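The sequence shown maps to residues 133 to 509 in this note's numbering. Ideal Cβ placement from N, Cα and C applies to all residues, glycine included. Nothing here was measured: the structure is a model prediction, and the numbers come from that model. Everything on this sheet refers to the single structure shown next.
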Amino acid sequence: MDLEYTESEKEFRAQAREWLVANVPRGLKSGDTAEGFAQHVEWEKLLYDARWAVVSWPERYGGRAASLWEWLIFEEEYYRAGGPPRVTQNGIFLLAPTVFDFGTPEQQDAVLPRMAAADDLWCQGWSEPGAGSDLAATSSRAKPDPTGGWRLTGQKTWTTRGAFCTHMFGLFRTDPESERHHGLTYFMIPLDTQGITVRGFDRLDGDEGFAEVFLEDVHVPDEAVLGGVGEGWRVAMSTTGSERGLTLRSPGRFMSAAENLISLAQSRPDAATPILRDKIASAWIDAEAYRLFTLSQVTSIVAGGSPGAQSSLNKVFWSELDIRLQGTALDLLGQEAELDGAWTRSFMFALAGPIYAGTNEIQRNIIAERLLGLPRK
Numbered sequence: 133m134d135l136e137y138t139e140s141e142k143e144f145r146a147q148a149r150e151w152l153v154a155n156v157p158r159g160l161k162s163g164d165t166a167e168g169f170a171q172h173v174e175w176e177k178l179l180y181d182a183r184w185a186v187v188s189w190p191e192r193y194g195g196r197a198a199s200l201w202e203w204l205i206f207e208e209e210y211y212r213a214g215g216p217p218r219v220t221q222n223g224i225f226l227l228a229p230t231v232f233d234f235g236t237p238e239q240q241d242a243v244l245p246r247m248a249a250a251d252d253l254w255c256q257g258w259s260e261p262g263a264g265s266d267l268a269a270t271s272s273r274a275k276p277d278p279t280g281g282w283r284l285t286g287q288k289t290w291t292t293r294g295a296f297c298t299h300m301f302g303l304f305r306t307d308p309e310s311e312r313h314h315g316l317t318y319f320m321i322p323l324d325t326q327g328i329t330v331r332g333f334d335r336l337d338g339d340e341g342f343a344e345v346f347l348e349d350v351h352v353p354d355e356a357v358l359g360g361v362g363e364g365w366r367v368a369m370s371t372t373g374s375e376r377g378l379t380l381r382s383p384g385r386f387m388s389a390a391e392n393l394i395s396l397a398q399s400r401p402d403a404a405t406p407i408l409r410d411k412i413a414s415a416w417i418d419a420e421a422y423r424l425f426t427l428s429q430v431t432s433i434v435a436g437g438s439p440g441a442q443s444s445l446n447k448v449f450w451s452e453l454d455i456r457l458q459g460t461a462l463d464l465l466g467q468e469a470e471l472d473g474a475w476t477r478s479f480m481f482a483l484a485g486p487i488y489a490g491t492n493e494i495q496r497n498i499i500a501e502r503l504l505g506l507p508r509k
């Protein structure tokens, strides 16, 4: 694993750092509120106009054709500059890699430019009332329309930012006799299609971006199918690999949080007890370990490898690291942690990490079976 950056990569870093320091906004409201979501979209449009929204994409889609190494560099600089969470992440970081892998040229041309420009805003229609962490239990249905296209019926829930998005991607069962991983098809759906009802609901923290999506005899064209009829599970595994692996949670985010944790401790020397200093050191070491593990993964990918089940290992590690980082900050804050603040909100969000993108219990089963070769029973 080569840890030395080339001169061109160093120049890329300097260019990204200069632009981000000059342009990263401050004081945006939560992207899970209507007002905050609109603010974040404006920021992401500015990113796009400067060609920083999708740096690794081809130039024809608004990117810079940056290498995977350069993408990691940009992510480091983005979080170092205090860049806000990306409300386009479900599209850009999850759906887009799947469209590149499985989409037709026509689908790529139709979907990717508008996604990059934050004109179309995508949410993920995975969870259902009876299929939360168990994606294979999907019961929403799609049946062929005799006149062409498909008719979709069902309900999706816990749809992150679904209350504000314009499009949704998700799985539907196209073979009524099938079970579990078989007979599923991956669809991309505009949420303003007739027959769709989006019902937002508040979280306990007051944010309002979650939604239930109801589909009642919704007609979509054949072009809405991504990757082929009945191939939904295979296509979805590509998306979940991005969700659990390095794409959704780049190491730059955790290195930035670890540095901020150190700064917090330095500003509160009386609160930094020996026990807390040990926790801070451990958090920084774990963040650095995740960075180095990611670099080894990128080295393998660049050489033609694939993360495979290692994405589950990634997911368990970063989700639990996030809780340790944010929790240690709350220990430093003491009674102030009970007040609404950046660290408190980050901690509450981190608690969801072991649940979304596939619960960590399920991920540990995958690790045991596919990486360690242990028997299912």
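- Per DSSP, reduced to three states, the secondary structure at Leu471 is coil, with no helix or strand assignment.
- Three or more beta-carbon pairs separated by less than 8 Å link the region 446 to 462 to the region 492 to 504, which places the two stretches in contact.
- By a beta-carbon distance limit of 8 Å, Gly215 does not contact Arg293. Their separation comes to about 18 Å.
- At a cut-off of 4 residues, the continuous stretches assigned as alpha helix (DSSP H) that sit fully inside the region 370 to 432 are 383 to 399.
- Per the coordinates, the alpha-carbon of Gly332 lies some 32 Å from the alpha-carbon of Pro383.
- Per DSSP, His172 lies in no beta strand (DSSP E) segment; the continuous alpha helix (DSSP H) that holds it begins and ends at 166 to 181.
- Within the DSSP bridge table, the entry for Gln256 names Phe301 as partners.
- For Lys275, the three-state secondary structure derived from DSSP is strand.
- The C-beta distance from Arg283 to Asp324 rounds to 17 Å, too long to meet the 8 Å contact threshold.
- In the pairwise beta carbon analysis, the region 248 to 258 is classified as touching the region 293 to 307: at least three pairs are separated by under 8 Å.
- Only residues of its own chain outside the window of five on either side were considered, and among them Ala500 have a CB closer than 6 Å to the CB of Leu506, listed in chain order.
- DSSP places Val361 outside both helix and strand once states are collapsed to three, so it counts as coil.
- The Cβ neighbour count for Lys411, taken over all protein chains shown within 10 Å, is at least 16; the residue is labelled buried.
- Contact annotation: Ser388 and Tyr137 have beta-carbon atoms that are not nearer than 7 Å.
- Only exposed fits His314, as fewer than 16 other CB atoms lie within 10 angstroms of its CB.
- Rounded to the nearest whole angstrom, the C-alpha separation of Glu309 and Ala368 is 20 Å.
- A direct Cα-to-Cα measurement between Gln467 and Leu178 gives close to 38 Å.
- For Gln398, the number of other beta carbons within 10 angstroms of its own is below 16, and it is reported as exposed.
- A buried status is given to Asp339, since no fewer than 16 other beta-carbon atoms sit within 10 Å of its beta-carbon.
- The criterion of a C-beta distance shorter than 7 Å is satisfied by Ala356 and Phe319.
- Between the C-alpha atoms of Leu483 and Ala489 there is a straight-line separation of about 13 Å.
- Residue burial annotation: Ala182 is exposed, with fewer than 16 other C-beta atoms found within 10 angstroms of its C-beta.
- About 14 Å separates the beta carbon of Lys288 from that of Gly327, a gap too long to meet the 8 Å contact definition.
- Contact between Val352 and Ile394 fails: their C-beta atoms lie close to 50 Å from each other, not under 8 Å.
- If you compare the alpha carbons of Ser259, Pro245, Trp201, Asn222 with that of Thr431, the shortest gap goes to Trp201.
- When secondary structure is reduced to three states using DSSP, Gln458 falls in the helix class.
- Exclusion of the five residues before and after Asp164 leaves Asp339, Gly341 as the residues of its chain whose Cβ lies within less than 6 Å of its Cβ.
- Apart from the 5 residues on each side of it in sequence, Ala415 sits with its Cβ closer than 7 Å to the Cβ of Ala390, Leu393, Arg456, Leu457, Thr460 in its chain, given in chain order.
- Apart from the 5 residues on each side of it in sequence, Leu503 sits with its Cβ closer than 6 Å to the Cβ of Ala441 in its chain, given in chain order.
- Here the alpha carbon of Thr371 sits roughly 25 Å from the alpha carbon of Thr329.
- For Arg496, the uninterrupted alpha helix (DSSP H) run begins and ends at 492 to 498, by DSSP.
- Residue pairing of Ile321 in beta bridges, as defined by DSSP: Met300.
- Take Leu160, set aside five residues on each side of it, and the residues of its chain with a beta-carbon closer than 8 Å to its own are Gly168, Gln171, His172, Trp175, Pro216, in chain order.
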